[in-house]
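Numbering (this note's numbering), first residue to last: 1 to 195.
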């Protein structure tokens, strides 16, 4: 898969809802606009190639997005894909759900939690919200956030946009939700209720 363009995005939030954010919250993403050689056909034969390419291109995107954080350590990560209109959404799923996570974790030497990822099909200028979640703890509420990505002119019908993102945490995060243990207890009790 050939890369046509690479785009990087940084959001540095210094004020949120009228309150200063100190230190500033940073969201950083790198995206590759990639030619889709399997456009126009939904073939399982190309899925392995999509997985391999996502790992290769993912390493580049990881380096680019982490560089945008400077000396700040990420507490959240995410990934996303937009498949051009001639492509198969399963190609995008293969790119974000199978191997790219290895590159995302290896670069930060961390990442026990599931990396949030989503995909969609669309034409040039389609936006996607990259869902961000805690790196080692999926229940880390202060890490939960989103970052909107949109590339004018991409993806073309025969292209795919692949994105990797990291963040330093939601601006002025201060909520406390239920713990994983509390939710498990609730769900277990619901399973045992009689209708």
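Built from N, CA and C at the ideal position, the CB exists for glycine as well.
{"Item": "C-alpha distance - residue 53 paired with residue 25, whole-angstrom precision", "Value": "31 Å"}
{"Item": "Close beta carbons around residue 117, own chain, < 7 Å, minus the five adjacent residues each side", "Value": "78, 79, 80, 96, 97"}
{"Item": "Contained beta strand (DSSP E) runs [length at least 3] in the segment 72 to 142, N- to C-terminal order", "Value": "76 to 83, 117 to 121, 127 to 134"}
{"Item": "Environment of residue 101 [buried if 16+ CB atoms lie within 10 Å]", "Value": "buried"}
{"Item": "Alpha carbon of residue 157 to alpha carbon of residue 9, nearest angstrom", "Value": "23 Å"}
{"Item": "Whether residue 170 touches residue 188 by CB criterion (9 Å)", "Value": "no"}
{"Item": "Nearest-angstrom Cα separation, counted from residue 193 out to residue 14", "Value": "48 Å"}
{"Item": "Cβ pair residue 50, residue 91 closer than 9 Å", "Value": "yes"}
{"Item": "The segment 172 to 186 touching the segment 54 to 64, judged by at least three CB pairs closer than 8 Å", "Value": "no"}
{"Item": "Beta bridge counterpart(s) of residue 18 as assigned by DSSP", "Value": "Paired residue(s): none; residue 18 is not in a bridge."}
{"Item": "Same chain only: Cβ atoms within 7 Å of residue 138, ignoring 5 sequence neighbours per side", "Value": "113, 114"}
{"Item": "Test item: CB-CB of residue 130 and residue 147 under 9 Å", "Value": "yes"}
{"Item": "Opposing strand residues paired with residue 7 [DSSP bridges]", "Value": "31"}
{"Item": "Simplified DSSP assignment, three categories, for residue 1", "Value": "coil"}
{"Item": "Continuous alpha helix (DSSP H) stretch holding residue 57: start and end", "Value": "47 to 68"}
{"Item": "Same chain only: Cβ atoms within 8 Å of residue 69, ignoring 5 sequence neighbours per side", "Value": "26, 28, 166, 168"}
{"Item": "As assigned by DSSP and simplified to three states, the class of residue 146", "Value": "strand"}
{"Item": "Rounded distance between the beta-carbons of residue 84 and residue 155, thought under 8 Å", "Value": "4 Å"}
{"Item": "Nearest-angstrom Cα separation, counted from residue 136 out to residue 48", "Value": "28 Å"}
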